[in-house]
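Counting from 15, one number per residue, gives the positions in the sequence shown under our numbering. Glycine included, each C-beta is placed from N, C-alpha and C at the ideal position. Note that the structure is predicted; figures quoted are calculated from it, not measured.
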Amino acid sequence: MSYLERKTGRGSQINSLPNYTAAGSYCFFSQCIELNDLDEKDLLAFTDNSKSIDENHRAILKFGPLLNHEVKHWYDAHSTLWGLRFLSDIYHCRNDLHEAEQSGIATELPHFYRQLEIFDRVQYIKFPQYYSTANPNANTSAPWKYRYSAGIMFSKYGKPTDRNLFFTRFENNKGELIARVPFSLCALLESSAVAQEINAKSRIISMIEDPISSKIEKDKLLKDTMADLYDENLVEYSVVAHKISNSFSISDAIEAYNIAAKLTRLILNLPSDVITSLKPKEMLNENFEPFYTPYENALKYIDYGAIFSLLVDSLYSEFQIKGIKVTSSNLESLLAEIFEKNLNLTLAELFDRSKKEIKKICSSVNFNLDKDHVDALLEVGVKLHSDLGLIGSHFINLDENLIPDFVLGDGFFVSQKGGSQENFEKRYFELTGYLAYLSNFSKACIV
């Protein structure tokens with residue numbers, strides 16, 4: 015149990031998805047970062063400038079990469095079109111509920127369906143466990159064999175729908191099922207954060223001058239990364255890196271995650287009308303014909319996992335299969351060709367559209383509940399969206415950028431801008447309370 019959970023008695027259902035372990039978390043609803051396995055003494059060791067990197071690299075590696083992982087979640091939520099729309103809608107819907115409660119029991123509630131809509135969007139971040147399968151006993155060999163497939167989602171009444179999911183089926187060398195997992199928004203967000211974490215580790219290791227210590231840490235990073243990739247219990251989150259590696263013949267896990275981070279930012283910044291304008295039949299070669307209709311169905315619902323899978327398959331069809339290798343370095347130029355060919359839009363024009371959507375979403379709110387906080391949050395979001403770009407870099411250097419407020423496992427609070435721990439904890443308590451209300455309300459919608 016984290017510090018905030020102990021302090022408030024409330025947990026968040028959408029912490030950072032998780033960060034492979036319970037070592038840290040980012041709550042996408044309250045926007046609170048917790049580094050559960052670290053305390054004040056770890057922070058002091060991390061920031062001890064009296065020691066060289068060689069003397070202090072273990073303390074830096076313990077603290078820095080975990081902080082980078084959770085902060086990247088914060089940036090994806092505060093600097094993308096998807097993230098800022100989600101945050102804006104959370105606060106608008108919470109205000110609708112607040113006004114209804116203030117108005118009394120006879121208040122008409124024609125807009126109350128939005129409460130269920132915002133809760134459904136929380137649920138869609140990570141698909142229910144029903145859609146994933148893991149068989150630890152079959153995880154006996156690596157690398158894994160893989161196959162792609164498409165399935166359907168069921169409505170709340172148990173009826174099949176026209177909304178498709180896209181899966182990867184992983185098997186051992188005997189053809190036995192190890193895991194079957196969907197591409198989800200959760201997987202995209204986690205791949206972005208893992209890219210940040212791994213690059214932070216690599217950056218620290220590159221500063222170690224002692225060759226023996228450097229080799230030990232490099233070997234450990236490789237071993238840990240490969241162990242995570244081939245852990246059947248974590249593949250729901252690493253499936254994005256697997257697809258990139260397999261589609262583009264990439265053996266370097268860091269390169270695969272770097273591509274994943276860039277694709278994730280692009281996808282999170284695409285306006286809905288751009289997404290629904292994509293034409294799978296025109297973007298893919300004939301090998302993907304069984305997926306044409308499922309992709310078309312998924313795009314209608316703005317399914318981010320499906321959009322990722324479609325873009326990877328399009329890059330494969332347009333370039334990789336023709337001998338043009340897809341890399342992190344040339345990714346932006348290759349994507350530019352795809353969008354110009356299929357939508358007659360340059361990346362600059364796409365970004366302008368994204369900025370226009372951001373401007374509408376991030377205008378000053380017309381309610382008083384937490385107005386100052388919400389307006390400031392959205393104002394920062396506009397600047398970050400512009401500064402970090404449509405696709406941007408796979409890595410955000412926190413030496414040069416904002417580190418948002420966070421709390422350690424012992425309750426020690428850190429704020430680069432002098433924020434209040436009382437307000438931080440109050441926000442967590444109130445927003446997770448609102449999330450609990452939404453969960454209860456969704457259960458009441460049974461007619």
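query: Does the segment 244-255 come within contact of the segment 192-202, defined as at least 3 CB pairs closer than 8 Å?; result: yes
query: Identify, in the order they occur along the chain, each residue of the same chain with its Cβ nearer than 8 Å to the Cβ of N149, setting aside the five sequence neighbours on each side.; result: E190, L191, I192, A193, E246
query: Am I right that L57 and V428 are in contact with their C-beta atoms under 8 Å? What's the rounded C-beta distance?; result: 7 Å
query: Excluding five sequence neighbours on each side, which residues of the same chain lie with their C-beta closer than 7 Å to the C-beta of E371?; result: L95, P285
query: Near D327, which residues of its chain fall below 8 Å by C-beta distance, leaving aside the five closest residues on each side in sequence?; result: S261, M297, L298, F302, F305
query: So, R183 versus Y160, is the Cβ gap smaller than 8 Å?; result: yes
query: Under the three-state reduction of DSSP, which class applies to S163: helix, strand or coil?; result: strand
query: Considering only the alpha carbon of each residue, which of V461, D389, S343 lies closest to R272?; result: Note that residue 272 is Asn in the sequence shown, not Arg. Checking every option, the nearest Cα to that of N272 belongs to S343.
query: Using three-state DSSP, classify Y171 as helix, strand or coil.; result: coil
query: Counting only runs that start and end within the segment 222-282, where is the alpha helix (DSSP H) found for 4 or more residues in a row?; result: 225-243, 249-262
query: Which stretch, first to last residue, makes up the alpha helix (DSSP H) that contains I47?; result: Note, I47: premise wrong, no alpha helix (DSSP H); beta strand (DSSP E) at 47-49.
query: Have a look at S291 and L357 and give me their C-alpha separation to the nearest angstrom.; result: 7 Å
query: What does the Cβ neighbour count give for R20, buried or exposed, with the cut at 16 atoms within 10 Å?; result: exposed
query: With distance defined between alpha-carbon atoms, name the residue in T239, P124, F322, A207 nearest to L277.; result: F322
query: What does a CB cutoff of less than 6 Å around F141 pick up in its chain, not counting 5 residues either side in sequence?; result: P196, S198
query: Leaving out the 5 sequence neighbours to the left and right, which residues in its chain are closer than 7 Å to P174 when beta-carbon positions are compared?; result: I166, F168
query: Can you give me the C-alpha to C-alpha distance between E13 and K257, rounded to a whole angstrom?; result: As shown, the chain starts at 15 and ends at 461. That puts residue 13 outside it, with no answer to give.
query: I268 to I375, Cα distance in whole Å?; result: 34 Å
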